[in-house]
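Mapping the sequence shown onto our numbering, position 75 (from 1) lands on 75, and the numbers just tick up by one.
Data first, discussion second: the structure below is written as structure tokens.
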Amino acid sequence: MVDPQTQRIVLHAVAERSATGLKQQLDVDPGAWPVIAWDWRIVELVPEADLTDRHSDDSPARLLLFFDGDLAKLPAHDKMLMETARMLTGQPIPFATLMYVWDNRQPVGTVIPSAVFGQLKMVVAGTGPDRLGQWKRFARNYAQD
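In structure tokens form, the structure reads like this:
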């Protein structure tokens, strides 16, 4: 869709008591291209969300980066979770995931490890109600993160 404020083509996603997403496979050399940049326009927060609590883990926006790696190096618990998820979804699970999130409370830059899966880390890119409804630009060095 075209955003009426900026006249840019944007991805507009809406989910109620659910999630929505778009997946695009890329083969990028992090040494040559270590920074990712994107824009978010958050319209409203998820009031009850708390990314530090696995039972109320939610965010109005997330950007996920998936990484390949040597599965043999994972702890047995993570290997078991990955195999179970693969069996349930029919899809291979990435070796590691870096998730940029918008959080209600945590300061920007906070790293929140997954309570369930050791190969998932959340990094708070945006926080709180500041600039709700406005476009905000983000850039992160995912190779460092």
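For glycine and all other residues, C-beta sits at the position ideal for the given N, C-alpha and C.
Beta-bridge pairing by DSSP links L65 to L98. Counting the other CB atoms within 10 Å of its CB gives R8 a total below 16, which places it among the exposed residues. For L132, the number of other beta carbons within 10 angstroms of its own is below 16, and it is reported as exposed. Inclusion of L71 and F95 in the CB contact set at 8 Å is warranted, their separation being smaller than that value.
Here T20 has A13, V14 as same chain residues with Cβ atoms under 8 Å from its own Cβ, once five neighbours each way along the sequence are excluded. With contacts defined as CB atoms closer than 8 Å, L74 and I112 fail to qualify as a contacting pair.
Take the alpha-carbon of V101 and the one of W33: they are about 21 Å apart. Counted as a single uninterrupted DSSP element, the stretch harbouring A139 is not any alpha helix (DSSP H) but the beta strand (DSSP E) occupying residues 135 to 141. With contacts defined as CB atoms closer than 8 Å, V123 and R54 fail to qualify as a contacting pair.
Across the set D78, A61, L120, Q91, the C-alpha of A61 shows the shortest separation from the C-alpha of K136.
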